[in-house]
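A.B. asks:
There are 8 protein chains.
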Amino acid sequence: MRERLKELLEKVKSGEISIDRAIDELRILPYQDLGYAKVDHLRGLIKGFPEVIFSQGKTTDQVINIMLELLKVNNRVIATRATYEVYKSLKERIPDAVYFDRARIIAVLREDVEKKGKIVVACAGTADLPVAEEAAVTAEIMGSNVERIYDVGVAGLHRLIDQIDKFYSANVVIVVAGMEGALPSVVGGLVAKPIIAVPTSVGYGANFNGLSALLTMLNSCVPGIAVVNIDNGFSAGYLANMINLMVEENKK
Amino acid sequence: MRERLKELLEKVKSGEISIDRAIDELRILPYQDLGYAKVDHLRGLIKGFPEVIFSQGKTTDQVINIMLELLKVNNRVIATRATYEVYKSLKERIPDAVYFDRARIIAVLREDVEKKGKIVVACAGTADLPVAEEAAVTAEIMGSNVERIYDVGVAGLHRLIDQIDKFYSANVVIVVAGMEGALPSVVGGLVAKPIIAVPTSVGYGANFNGLSALLTMLNSCVPGIAVVNIDNGFSAGYLANMINLMVEENKK
Amino acid sequence: MRERLKELLEKVKSGEISIDRAIDELRILPYQDLGYAKVDHLRGLIKGFPEVIFSQGKTTDQVINIMLELLKVNNRVIATRATYEVYKSLKERIPDAVYFDRARIIAVLREDVEKKGKIVVACAGTADLPVAEEAAVTAEIMGSNVERIYDVGVAGLHRLIDQIDKFYSANVVIVVAGMEGALPSVVGGLVAKPIIAVPTSVGYGANFNGLSALLTMLNSCVPGIAVVNIDNGFSAGYLANMINLMVEENKK
Amino acid sequence: MRERLKELLEKVKSGEISIDRAIDELRILPYQDLGYAKVDHLRGLIKGFPEVIFSQGKTTDQVINIMLELLKVNNRVIATRATYEVYKSLKERIPDAVYFDRARIIAVLREDVEKKGKIVVACAGTADLPVAEEAAVTAEIMGSNVERIYDVGVAGLHRLIDQIDKFYSANVVIVVAGMEGALPSVVGGLVAKPIIAVPTSVGYGANFNGLSALLTMLNSCVPGIAVVNIDNGFSAGYLANMINLMVEENKK
Amino acid sequence: MRERLKELLEKVKSGEISIDRAIDELRILPYQDLGYAKVDHLRGLIKGFPEVIFSQGKTTDQVINIMLELLKVNNRVIATRATYEVYKSLKERIPDAVYFDRARIIAVLREDVEKKGKIVVACAGTADLPVAEEAAVTAEIMGSNVERIYDVGVAGLHRLIDQIDKFYSANVVIVVAGMEGALPSVVGGLVAKPIIAVPTSVGYGANFNGLSALLTMLNSCVPGIAVVNIDNGFSAGYLANMINLMVEENKK
Amino acid sequence: MRERLKELLEKVKSGEISIDRAIDELRILPYQDLGYAKVDHLRGLIKGFPEVIFSQGKTTDQVINIMLELLKVNNRVIATRATYEVYKSLKERIPDAVYFDRARIIAVLREDVEKKGKIVVACAGTADLPVAEEAAVTAEIMGSNVERIYDVGVAGLHRLIDQIDKFYSANVVIVVAGMEGALPSVVGGLVAKPIIAVPTSVGYGANFNGLSALLTMLNSCVPGIAVVNIDNGFSAGYLANMINLMVEENKK
Amino acid sequence: MRERLKELLEKVKSGEISIDRAIDELRILPYQDLGYAKVDHLRGLIKGFPEVIFSQGKTTDQVINIMLELLKVNNRVIATRATYEVYKSLKERIPDAVYFDRARIIAVLREDVEKKGKIVVACAGTADLPVAEEAAVTAEIMGSNVERIYDVGVAGLHRLIDQIDKFYSANVVIVVAGMEGALPSVVGGLVAKPIIAVPTSVGYGANFNGLSALLTMLNSCVPGIAVVNIDNGFSAGYLANMINLMVEENKK
Amino acid sequence: MRERLKELLEKVKSGEISIDRAIDELRILPYQDLGYAKVDHLRGLIKGFPEVIFSQGKTTDQVINIMLELLKVNNRVIATRATYEVYKSLKERIPDAVYFDRARIIAVLREDVEKKGKIVVACAGTADLPVAEEAAVTAEIMGSNVERIYDVGVAGLHRLIDQIDKFYSANVVIVVAGMEGALPSVVGGLVAKPIIAVPTSVGYGANFNGLSALLTMLNSCVPGIAVVNIDNGFSAGYLANMINLMVEENKK
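Chains as they are written, first to last, in the working numbering: chain A, 13 to 264; chain B, 13 to 264; chain C, 13 to 264; chain D, 13 to 264; chain E, 13 to 264; chain F, 13 to 264; chain G, 13 to 264; chain H, 13 to 264.
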């Protein structure tokens with residue numbers, strides 16, 4: 013930052029730029045530095061990293077208008093937690109939008125991105141699929157290869173063990189589980205990779221809308237497991253992709 | 013009950029017993045029947061079934077006096093949740109008392125009982141040992157053979173799988189676990205036996221004194237798992253023994 | 013397992029089977045052993061033990077397709093938590109399906125199973141009936157005789173005491189209760205049998221969707237009571253049947 | 013109140029009392045009426061009704077000083093939740109103080125009160141005794157006859173039924189219970205009297221310091237049961253005494 | 013009970029009744045005594061005491077059939093938590109049924125009952141009215157005079173103080189409050205009568221469906237307040253009526 | 013900010029200051045502006061506003077050293093939540109320190125501050141005094157006159173009403189209450205001033221360490237009441253003082 | 013009050029008014045003084061302060077009738093938490109009613125009020141807008157100038173810092189936030205003004221309907237932040253307006 | 013795995029090894045593969061990766077004995093949550109043990125490990141230091157460079173912004189925070205790196221032993237933040253190190 017400041021002040025001293033112009037640049041300078049200019053080190057690695065709209069709690073019109081606005085300056089925009097109804101209306105205005113129905117994600121991707129590395133997304137029950145797919149599709153659109161392992165569960169441990177090889181080639185593992193939420197601990201006992209655990213609200217009774225799975229994952233006796241909010245597949249996919257790309261970029 | 017009543021009334025009619033005597037017998041009759049006379053069908057199977065004192069919240073004097081009282085009419089009495097200090101004082105008054113220190117159980121056993129069948133008690137961490145031992149010692153004193161499998165945990169799944177054969181020969185399995193409490197689900201996925209899950213208060217933070225393990229066990233996606241109160245090794249051992257003896261008795 | 017391995021290796025040594033064939037068998041061997049081959053000791057006792065589909069959270073199409081798939085290799089399949097609407101659609105595709113409406117269970121039973129032993133299912137209020145029936149029908153389909161005692165409740169204790177004889181002939185007792193959930197403790201004070209307590213979400217206000225009944229049952233001062241998840245009649249029926257059959261099988 | 017006002021104003025008009033004196037009386041009048049003058053209707057019935065000090069959270073000096081202050085204008089003062097240490101210090105200053113050790117109540121009673129009617133205080137476990145005694149001693153000091161029934165519990169229902177006659181002669185029943193807190197429901201199913209239920213913090217694990225017993229009692233399916241705070245024997249005794257005296261007073 | 017037994021046994025001895033007949037009577041005797049015969053002391057005071065149906069969770073047909081059944085042997089039957097829709101259907105079958113719409117109570121009252129004594133039912137907000145009316149109508153139908161004081165609230169304390177005289181003539185006070193639930197404490201500070209506090213689920217946010225009001229009432233620093241379940245106006249009315257009638261009956 | 017920037021840049025242009033010097037000033041400028049320079053508008057009003065140390069969780073040495081450090085550049089420093097033991101040790105190093113024992117505050121005040129306006133701090137029980145005093149002493153040291161009204165409580169409403177005049181002359185009212193926490197609602201119904209409510213952890217049972225009082229205050233039906241954390245007298249005093257001084261300063 | 017009493021009594025003495033008339037005045041006097049007459053000091057400052065109806069839980073007819081009633085004696089009435097449907101029906105009866113749709117407030121304002129001072133209302137997400145607008149519109153109608161700063165959030169800190177100047181000219185700041193609720197702490201770290209924090213129920217999963225944001229705000233390490241109930245924009249606007257007007261009035 | 017099996021079977025066929033020897037190897041083979049052999053891909057990267065003992069809940073003797081046992085086959089062993097007392101006793105037996113007192117970690121490191129990459133560990137308050145140091149020391153011992161940034165907090169945002177450059181050069185950021193736990197969200201808004209958030213139990217009142225900070229972090233509106241258990245610095249350091257080494261190893 014010192015360099016940029018020096019350069020600017022020398023221009024002021026030499027009269028190259030006016031004091032008013034310098035003030036304007038100075039006002040904006042610190043905030044450019046905060047999180048944007050500097051972060052390019054990581055963000056620069058990721059071509060076509062999309063802008064993201066959280067659709068839940070927004071009207072269809074709001075989602076469409078925000079997406080139109082974002083598409084003016086972005087080639088890649090996605091909307092998460094989007095219903096099919098929103099997609100149908102949006103499609104009329106933005107014909108190249110596509111819908112990942114299980115992931116409930118609308119995407120407009122006007123630029124291709126080469127996928128790198130590998131993330132495994134594992135879950136057990138069919139009811140957990142929407143959350144697992146939100147994680148998987150998010151990571152794929154953001155630039156990661158994703159392998160889905162959806163036929164595993166604690167109740168049938170042999171199926172998990174049978175596919176354990178697939179986990180070893182991943183940089184990061186996302187484990188999605190509802191009910192008692194024990195799967196991340198079991199995977200973590202078998203696989204020495206960073207594990208992002210996603211509790212889901214699937215269950216009933218003493219599940220208390222996902223509290224049970226959340227507590228299980230936070231209390232795991234296996235180190236190296238970190239947890240995101242209940243049903244938050246997006247954040248898990250986002251974080252896994254960030255780690256995966258950082259690893260892959262450094263390979264070069 | 014009808015038979016006993018008939019017999020009694022006939023004695024009244026014949027004058028064999030006085031009306032006052034009959035009234036006294038009738039007053040006590042229903043309550044004998046409720047839970048005692050009838051229950052003998054099961055309780056009769058179990059020789060030397062001990063009386064039990066819950067020591068927690070009682071003074072040393074209270075524990076000693078209750079035990080002395082019970083020993084007047086029982087050959088086998090145990091006190092659970094008893095500290096070593098209580099034991100030392102009690103030992104001076106009741107020299108044949110023995111102390112199971114890990115289980116925190118004082119026992120006075122003046123009659124031998126043949127152990128039958130088999131219960132497996134499994135746990136993972138050393139901190140869960142007092143609860144596991146309370147379950148194991150309770151079941152042994154009440155008449156069951158117990159095999160302890162204490163070197164297993166979700167974080168090192170291979171150790172559990174390595175000993176899986178031992179579970180197959182048991183009539184009932186008790187699984188004790190703190191922290192995330194996932195062990196019963198994992199055992200339940202491998203072993204088709206009745207499983208009694210005991211959550212412990214071992215852990216910290218979002219464990220909330222055992223709530224985490226309790227919820228995990230209640231929400232298990234594996235059927236055939238039932239849960240007792242946090243740290244309640246005694247009730248687990250009591251129930252497992254009841255099932256085990258019922259199975260064994262029927263073998264004859 | 014050692015025996016099977018020895019046999020296999022001797023065949024390799026003698027050239028009876030090829031190395032590739034042996035590898036394939038070895039890969040699958042451990043997982044066969046884990047929970048399947050060995051478990052036959054118990055599972056072998058139970059003829060026609062059904063496969064189970066948890067319908068809640070699945071579409072009608074999903075339930076139908078999974079059931080059709082399972083029926084290819086099973087003579088007995090049930091679907092729990094199934095609405096009448098699902099049943100009507102399924103019936104068109106699988107005409108021999110039957111519906112237990114109070115239990116919300118669809119069953120296709122193409123093989124008869126002799127019922128053994130006895131389980132008592134007790135509950136008090138009419139609102140608890142769906143959960144009690146889920147437990148009862150599950151146990152019946154899996155091979156147990158079930159006696160329903162539905163006209164008892166803590167508020168009218170004499171009705172319970174009047175039928176206490178019926179409990180004494182059971183191997184296992186399932187007690188279903190909502191609101192304050194005190195019934196299992198009361199039954200446990202009268203009957204010395206393994207008791208599986210099922211809290212229900214019936215109630216309002218400080219019931220907190222079944223939390224009240226759940227805590228009551230976990231804290232019972234009567235030993236020998238184990239608890240399953242709120243409204244989980246299926247797991248209670250499954251576990252009770254497992255114990256009941258184990259007892260009966262050993263009778264022979 | 014209109015009467016008193018009229019009388020006062022007439023005295024002003026007639027000059028019998030000065031305006032300043034009238035103002036003083038008027039300032040105090042409404043608050044006398046609020047809760048004090050009027051309440052005498054009930055409070056007048058109760059001779060020697062004591063003043064009460066809640067000792068918990070107060071220093072020994074504070075308890076002693078407040079009691080000395082209250083004794084200047086009251087013949088009967090009690091301090092609840094008082095330790096024996098506080099009593100010993102207080103006894104040096106107030107030699108006629110007596111201590112109810114199980115109830116943890118210090119009392120100075122310089123006027124006798126005839127006890128009326130009858131309250132039953134029932135509890136099961138020895139650990140619940142301090143709370144039960146706090147209720148019983150409070151009610152006795154305030155003017156009620158109390159019958160203690162401490163040898164009853166849900167786990168041994170016959171002992172309760174054996175003593176059921178004693179409940180029928182009471183005007184009010186206080187039921188104290190920890191752990192699962194089912195006793196009030198059971199008593200309420202047998203006895204058609206107003207029942208005041210007192211949950212205690214006795215228990216462990218999923219008892220959550222009395223929450224379990226509290227919820228059980230609030231959710232009782234038996235009407236006519238009202239609940240006070242966990243461990244609040246004093247308030248139960250106070251309320252029971254109020255009802256009991258109201259009934260007895262009306263008998264005359 | 014001794015008397016009845018003696019009488020019965022003498023008839024057996026004299027041959028006045030057969031042994032079989034005696035057995036039948038003896039079998040039923042204890043349960044008649046438990047809660048029924050004896051309780052008559054109180055229940056006998058109350059003429060026309062109605063039978064009660066809790067409609068919530070029952071179908072319209074179930075409510076109608078249970079009521080028809082009860083009317084065969086009762087002159088007075090009520091159904092609580094009944095919607096207007098249920099009432100309309102029931103009215104076609106039972107033309108003399110009446111509906112208390114704010115209280116959500118259907119009543120069939122074929123016998124008049126003289127109302128006695130007085131209960132005050134107080135509440136603040138209009139949203140609390142259904143619960144307050146459930147309490148008030150319950151108490152009226154069961155035989156108490158009820159005065160409603162519905163225009164009071166903590167936010168406008170003067171309105172409460174203005175009507176304080178009305179509370180002094182009641183035997184029991186029911187205070188219904190949602191949101192912060194402070195009204196019972198305020199009334200209890202002004203009125204020395206037994207107070208039954210009814211928390212309601214009225215409110216939002218940190219109210220947590222009535223938990224806030226419930227905790228406030230349980231923690232009241234005013235002694236003599238007892239609490240029923242959230243929204244349970246029926247139990248409050250039932251208990252208040254029981255106390256009120258007991259007081260009034262003793263007046264004679 | 014524009015003005016300061018312009019001035020600085022003109023000095024650069026004219027060569028009055030070096031570019032390096034300008035860079036240093038610019039680096040610090042934004043953060044001076046963020047919350048410090050600008051805030052002087054309010055903070056400038058308050059002479060001798062003290063620095064604050066939160067002592068809880070710090071060792072005696074840490075508290076002393078931080079205070080010595082702060083006193084190098086401040087004339088007024090306070091430490092909250094300080095025990096008497098900490099004070100005694102600190103006093104040896106900083107002889108002009110004073111201790112407010114009920115408020116648990118150590119203060120070193122080397123500059124006098126004129127107190128302005130008026131804050132009322134009200135509470136009921138003696139157990140709430142430490143929190144009330146923390147609020148009162150904080151506000152006094154920071155520059156407000158404080159009137160304490162400690163003899164009021166919901167259980168004795170007339171005492172509160174008797175002193176209601178004192179509330180009317182305050183700019184802000186702090187109400188401290190434990191147990192059911194109803195006092196802020198009652199005061200808010202009588203006094204149209206900003207009310208800062210402070211729940212305390214005083215109570216037991218269903219108080220749950222202050223949760224009860226906290227929920228009561230958040231759910232108050234009286235608008236104009238805002239709540240701080242349980243036992244956080246300091247924050248209440250700080251906020252009340254801020255409002256009080258803002259009002260008083262504007263009077264000039 | 014003494015003065016008014018004296019005056020009244022002198023009129024009685026002189027016969028200027030009758031005793032009956034004096035009694036009537038005396039009966040009403042204390043309550044006029046409680047909260048009404050005296051409070052005029054503050055309420056007198058605020059011209060056209062509206063009456064407020066909380067619509068939630070009321071029928072359309074009830075809202076309309078209460079508003080018509082209030083308009084007979086008030087020139088300014090508002091209804092909060094009102095749906096558009098209610099507004100449409102009400103508009104037919106009260107044509108000059110206006111609707112603030114985002115704030116869900118219906119207002120009838122037949123008298124103008126000069127707005128004074130300044131309140132800032134800040135929030136981040138679009139889902140928090142209804143709560144923020146309820147606060148803002150409430151404060152505006154009650155007499156405050158409001159500046160809305162809705163484009164700020166913790167995830168994009170630079171946008172907040174960019175607008176920090178706007179906060180410095182406010183007398184009070186309202187910060188509305190859902191999800192993790194961190195915004196008030198961040199604003200409080202930058203702005204030395206009284207901050208009223210409003211948690212919203214916006215979020216999902218471990219948000220638990222606003223509990224997460226509520227706890228965050230209560231635990232803020234920044235002093236000077238007070239919290240209202242979840243989603244209670246009205247109370248925040250009411251309190252902020254009260255403080256703002258008090259400051260502004262004192263300016264004169 | 014196929015390769016190893018093939019090799020083994022060929023040796024059997026050729027008679028190179030006996031069948032018994034082959035059985036032994038086969039029995040152990042699958043479990044070697046599960047998590048051990050395969051994981052070497054990652055674990056092989058990390059030289060001197062230590063074995064870890066969780067000391068809490070273990071006696072001093074247990075910790076010493078386990079460490080002595082582990083040191084027989086490991087050059088690097090650490091014990092977390094170890095008090096100074098344990099260290100002193102252990103030091104007598106293992107003289108080359110060192111103690112990281114703020115981190116409460118005992119380490120015996122008999123082999124050097126080159127530190128790679130960079131992890132930032134940030135926290136605000138001094139009370140959070142033990143948790144932050146546990147994370148930092150864990151990561152350092154496991155092979156990462158760690159930069160500590162401990163002088164930042166939400167209440168003084170400028171200090172954080174001033175050091176923001178330090179975050180940009182890290183591969184992973186650990187943010188430790190108690191009380192309201194807002195720091196991870198703020199850092200996440202400024203820094204586009206994987207963030208591991210560690211809530212601490214520091215705080216009081218509505219903090220509920222860390223629940224407040226935990227919920228804040230789980231609900232963060234900033235994506236890319238994952239959370240570990242309350243106070244679990246070890247797991248955060250373990251996971252951060254795993255990611256950091258994976259990134260660095262790939263650089264080669």
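All C-beta atoms, glycine included, are put in the ideal place defined by N, C-alpha and C.
For P107 of chain E, does the count of other Cβ atoms within 10 angstroms reach 16, so buried, or fall short, so exposed?
C.D. replies: Counting Cβ neighbours within 10 Å, P107 of chain E comes out exposed, since fewer than 16 surround it.
A.B. asks: Between the Cα of V234 of chain C and those of C:S224, C:Y111, C:V199 and C:A109, spot the shortest distance and give me the residue it belongs to.
C.D. replies: Ranking the options by Cα distance to V234 of chain C, first place goes to C:V199.
A.B. asks: Is the distance from the Cβ of L251 of chain D to the Cβ of S156 of chain D below 8 Å?
C.D. replies: No; because the gap between Cβ atoms is not below 8 Å, this pair is not in contact.
A.B. asks: Can you find a CB in chain A that lies within less than 8 Å of the CB of P196 of chain H?
C.D. replies: Taking Cβ atoms only, chain A never reaches closer than 8 Å to P196 of chain H, which makes this a no.
A.B. asks: Whole angstroms are fine: how far does the CA of S232 of chain B sit from the CA of E192 of chain A?
C.D. replies: Going by the C-alpha atoms only, they are around 5 Å apart.
A.B. asks: Note down, in chain order, each residue of its chain lying with its Cβ closer than 7 Å to the Cβ of G201 of chain D, except the 5 sequence neighbours on either side.
C.D. replies: Result list for G201 of chain D: V234, in chain order.
A.B. asks: Which residues, in order along the segment 135 to 146 of chain H, keep a beta-carbon less than 9 Å from a beta-carbon of chain F?
C.D. replies: Going along the segment 135 to 146 of chain H in chain order, one finds G137, T138 and A139 with a Cβ nearer than 9 Å to chain F.
A.B. asks: Mapping the DSSP letters down to three states, classify R93 of chain E as helix, strand or coil.
C.D. replies: R93 of chain E: coil per DSSP, three-state reduction.
A.B. asks: What span of residues does the alpha helix (DSSP H) with P211 of chain E cover, start to end?
C.D. replies: Counting along the chain, P211 of chain E falls outside any alpha helix (DSSP H), though it belongs to the beta strand (DSSP E) covering I207 to P211.
A.B. asks: Can you tell me whether R93 of chain E is buried or exposed? The criterion is at least 16 other CB atoms within 10 Å of its CB, across all chains shown.
C.D. replies: Buried, because 16 or more other Cβ atoms sit within 10 Å of the Cβ of R93 of chain E.
A.B. asks: Near S240 of chain H, what residues of its chain come up, given a Cβ to Cβ distance below 6 Å and the 5 sequence neighbours on each side ignored?
C.D. replies: According to the sequence shown, residue 240 of chain H is Val rather than Ser. Only V210, S247 and A248 meet the Cβ criterion.
A.B. asks: Apart from the five residues on each side of it in sequence, which residues of its chain come closer than 7 Å, Cβ to Cβ, to V64 of chain F?
C.D. replies: I90 and T92, listed in sequence order.
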